[in-house]
Amino acid sequence: MSMSTLGEQLASLHSQSTKHPGLLATTSRRTNDGIGRGITHSALHGHASGSKSKFDQLPSVLYDDPRTAADVPLTTLRENAEFSINYLRENIDDEFKSYLVLVRVSSIQSERGLLTEDENRALNRSIHKLLYLIGSALGESSNRSPTSIYTNCLHVLEYLLRRHDIHIENVHDLVVSTLPYHDTPLFGRILQLVNLAELSQWMFLRPYATPGCHLPNRTLLAKQAAKDNALTGVLCDLAASNKTKSSKGRSHVTSFACAVLVQALKIQSRKTGTCEEPTVRLLLPYVLQAIGSSHQKEFQAFGYIVTSAISDYVSFSSEIISKITT
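Our numbering applies: residue 3 is where the sequence shown begins, and numbers increase by one.
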């Protein structure tokens, strides 16, 4: 897909409809306004609405057909998620066991609306950490067999969607944790589930939320990062999330963040011949921390590679050079 914005796409659709004015143009505007607004959005009413059936609003990453997803009881989803977390704990990272509480039998009775503010904050912290763990584990396998790491990750996501409404309550974490897989059907499905229109940082992904369309490539992400330091910070945080220890799958996340950042710096430098100062100021604390992480070689390599990319366009002070080389 080209780099056209959603607005340009809408304008193109509008121009194509001029031969048949009236209902067609109105319907096109309504339909395309719904792109990237999530499964609960009503194109007719312009907001989340009960006009859609309960099947249409059912979130799923396991089933293409919402009615098929609806046939699977929540109790079965919970049992599958609990099994999958234990599987991932044994095969990927023992840290998964810390989040079994999210899929215990008691979680079926949990309703976000009945939780206190502190309880919701604690729940969101746990979901945040679990999603990032899943994001790392996904890098270990793309095999869709019933026993694969990938499929077990999907079982956990399925229960989090159905029970904890992560496509509504944890949109940023859901998008970020799956961003390294931006060119996969899973990420495309995530974009269809969430309301990107409410998060200005992710508005650029709205054109890619249409079922069957091309998925965003790495160059698109790099171009966005080159002009948006918020995304640059997200990529740095992704790499830094792997700074404490190595585990299966985390190298993919670190490599992804590094590749996008290096390409973004190159794109940014084409305009002025150098990197913008705010970008360099944002990157330096991360790369210095990474270079000092001798116990985590992948994160350390991230620091050296990004530092080298910066040095192609910026001259470091003697103080920075000293920190890099000592």
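By construction, the Cβ of each residue, glycine as well, lies at the ideal position given by its N, Cα and C atoms.
> Helix, strand or coil for residue 39 per DSSP?
Replying inline: strand
> Span of the alpha helix (DSSP H) holding residue 215?
Replying inline: Neither: residue 215 is in no alpha helix (DSSP H) and is coded neither H nor E.
>> Quick check on the DSSP output: the alpha helix (DSSP H) that includes residue 134 runs from which residue to which?
In response: 119-140
>> Whole angstroms are fine: how far does the CA of residue 228 sit from the CA of residue 281?
In response: 9 Å
> According to the Cβ coordinates, are residue 59 and residue 41 closer than 8 Å?
Replying inline: yes
>> Pairs of beta-carbons, one from the region 86-93 and one from the region 152-159, closer than 8 Å: are there three or more?
In response: yes
> Which ranges does the beta strand (DSSP E) cover as unbroken runs of at least 3 residues, wholly within the region 234-275, from first to last along the chain?
Replying inline: none
> Does the region 279-297 come close enough to the region 177-188 that 3 or more CB-CB pairs lie under 8 Å?
Replying inline: no
>> Just to check my reading of the structure: residue 195 and residue 61 have Cβ atoms closer than 8 Å, yes? What is that Cβ distance to the nearest angstrom?
In response: 5 Å
> Could you give the residue range of the alpha helix (DSSP H) that holds residue 86?
Replying inline: 76-93
>> Output needed for residue 83: all residues of its chain with C-beta closer than 6 Å, excluding positions within five of it in sequence on either side, in chain order.
In response: 105, 157, 158 and 161
> Which residue from 112, 206, 315 and 320 puts its Cα closest to that of residue 269?
Replying inline: 315
>> Tell me the rounded alpha-carbon separation between residue 242 and residue 217.
In response: 26 Å
>> Below 8 Å on the Cβ atoms is my contact criterion, and I expect residue 263 with residue 237 to pass it. Report the Cβ-Cβ distance as a whole number of Å.
In response: 5 Å
> For the alpha helix (DSSP H) that residue 111 lies in, which residues bound it at each end?
Replying inline: That residue, residue 111, is in no alpha helix (DSSP H); it is neither H nor E in DSSP.
> Going straight from the alpha carbon of residue 121 to that of residue 240, what length do you get?
Replying inline: 26 Å
>> Quick check on this structure: which residue in 177, 171, 138 and 285 has the alpha carbon closest to the alpha carbon of residue 308?
In response: 285
> Is the beta carbon of residue 301 less than 8 Å from the beta carbon of residue 244?
Replying inline: yes
> Quick one, which of 135, 97 and 266 has its alpha-carbon nearest residue 254's?
Replying inline: 135
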